[in-house]
Amino acid sequence: MELQKFSNGVVNLPIKKLEDGSIEFDAEQAAIGLGIVSSAKGYTNVRWSRINEYLNSATTGRKISNDEYLNSATTGRKISKGDFITEPQFYKLAIKANNETAEQFQDWVTGEVLPSIRKNGNYQVKPLSPIEQIRLQNDALIDIDDRVTDLEENQTLSPGEYNYISKRVGQSVNNFVKDRGLDITSDQRKLLYKDINRGINEVTNIKTRAQLRKRHFDLVTEFIDSWNPSTATMMAIRQTNLDL
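When you line the sequence shown up against UniProt numbering, it's residues 1 to 244, in that order.
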């Protein structure tokens, strides 16, 4: 058994060549290359449930010692980090993934890596041209910048920002009452606060104001500046006047 690692500049893919000539792929890196992942808070996670769904929970190559791997076809265990998948399973995942990332990764594996392994016994890395090197560097910088931006935008509001929004909400409600010359009770004023807070939740797609993130700040302040209570809220206020 021979274990080698191959890289396309994005994925470092361990590939195992067995004594019978068959090829197995590191399941985690194969999944990343095929785009069967989810991203949250700047982290990329393999969707193992989707992997096992695609492969009908068949497992291959779970390492149990330095030179021994479980025969996944008979164990029925689910694939997870550290497992290897067979070449047919790799193709099955590529077909199921059905996305541009998977197509590009499969083209690299089938067009360069596998033919080179079978012909030479190992993967001969094709030298990158200066333009290709610059492109890879730019792609890496863009990816880092995107991750940093995502982390910044998904930070919770600072206490100062949170208090600022609360203050602006109160000012907006008070200005509306003053501009309209309304003489309303505290319960009626609560209806206005409920209306503006509901609007903030709707435009930012959150359930409570505590879920606001930095990316929401400008949107929320813009909404507050242009807020007017809904017709339903104003009718409810008028109705409470009639009930008094």
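For every residue, glycine included, the Cβ atom is placed at its ideal position computed from N, Cα and C.
Going by Cα to Cα distance, which pick from the options is closest to residue i?
| i | options | result |
| --- | --- | --- |
| Ser226 | Thr185, Gln211 and Val203 | Val203 |
| Arg215 | Met234, Lys207 and Leu157 | Leu157 |
| Thr101 | Ala31, Val173 and Gly21 | Ala31 |
| Arg213 | Gln106, Trp48, Tyr162 and Ala94 | Tyr162 |
| Arg168 | Gln211, Gly21, Asp218 and Lys17 | Asp218 |
| Glu28 | Asn8, Ser172 and Ile85 | Ile85 |
| Thr233 | Glu222, Val173, Phe223 and Asp179 | Val173 |
| Gln188 | Gly9, Ile134, Met235 and Gln171 | Met235 |
| Leu93 | Ile131, Ala40, Trp108 and Gly33 | Gly33 |
| Ile95 | Lys81, Ile117 and Ile51 | Ile51 |
| Ser230 | Phe105, Tyr193, Gln211 and Thr208 | Tyr193 |
| Asn98 | Val109, Gly35, Lys78 and Ser80 | Gly35 |
| Lys210 | Pro115, Pro159, Glu222 and Lys190 | Strictly speaking, residue 210 in this sequence is Ala, with Lys absent from that position. Of the candidates Pro115, Pro159, Glu222 and Lys190, the one whose C-alpha sits nearest the C-alpha of Ala210 is Pro159. |
| Glu222 | Gly199, Arg118 and Gln4 | Gly199 |
| Asn241 | Leu191, Asn205, Ile196 and Ser116 | Leu191 |
| Asp179 | Ile196, Gln4, Ile117 and Asn228 | Asn228 |
| Gln171 | Gly111, Ile79, Ile224 and Gly181 | Ile224 |
So what's residue i in DSSP terms, helix, strand or just coil?
| i | result |
| --- | --- |
| Leu114 | helix |
| Lys194 | helix |
| Leu34 | coil |
| Thr231 | helix |
| Lys78 | coil |
| Ile134 | helix |
| Asp26 | strand |
| Arg213 | strand |
| Thr185 | coil |
| Ser226 | helix |
| Ile206 | coil |
| Glu19 | coil |
| Asn56 | coil |
| Asn175 | helix |
| Asn163 | helix |
| Asp99 | The sequence shown places Asn at residue 99, not Asp. Three-state DSSP puts Asn99 in coil, outside helix and strand. |
Any beta-carbon of chain B closer than 9 Å to the one on residue i?
| i | result |
| --- | --- |
| Leu157 | Judged by its chain identifiers, the structure shown contains no chain B, having just a single protein chain. |
Which one or two residues does DSSP pair with residue i in a beta bridge?
| i | result |
| --- | --- |
| Pro14 | Lys5 |
| Ile51 | Looking at the DSSP assignment, Ile51 forms no beta bridge with any residue, so it has no partner. |
| Val46 | Val37 |
| Lys86 | The question names Lys, but residue 86 in the sequence shown is Thr. According to DSSP, which records beta bridges pairwise, Thr86 is partnered with Glu24. |
| Thr156 | Arg213 |
Apart from the five residues on each side of it in sequence, which residues of its chain come closer than 7 Å, Cβ to Cβ, to residue i?
| i | result |
| --- | --- |
| Ile184 | Val177 and Ile237 |
| Val37 | Ala31, Thr44, Asn45, Val46 and Arg47 |
| Leu25 | The sequence given here places Phe at residue 25; Leu does not occur at that position. Leu13, Ile15, Phe84, Ile85 and Phe90, listed in sequence order. |
| Lys81 | Glu28 |
| Gln155 | Arg213 and Lys214 |
| Glu195 | The displayed chain sequence assigns Asp, not Glu, to residue 195. Same-chain partners within the cutoff: Pro229, Ser230 and Thr233. |
| Leu3 | Pro14 and Lys16 |
Output needed for residue i: all residues of its chain with C-beta closer than 8 Å, excluding positions within five of it in sequence on either side, in chain order.
| i | result |
| --- | --- |
| Val113 | Phe6, Leu13, Ile15 and Tyr123 |
| Ser22 | Thr86 and Glu87 |
| Val11 | Gln29, Ile32, Gly33 and Phe105 |
Grab me the residues of residue i's own chain with a C-beta within less than 6 Å of its C-beta, minus the 5 sequence neighbours each way, in chain order.
| i | result |
| --- | --- |
| Ala73 | Residue placement at Ala73 is poorly supported in this model, since its pLDDT is 42, which falls under 50; the coordinates still yield a value, given next. Excluding sequence neighbours, Ala73 sits near nothing in its chain. |
| Trp108 | Asn8 |
The ligand COA and residue i: does the residue's C-beta get closer than 8 Å to at least one heavy atom of that ligand?
| i | result |
| --- | --- |
| Asn201 | Among the components of this structure there are no ligands whatsoever, and the ligand COA is therefore not found. |
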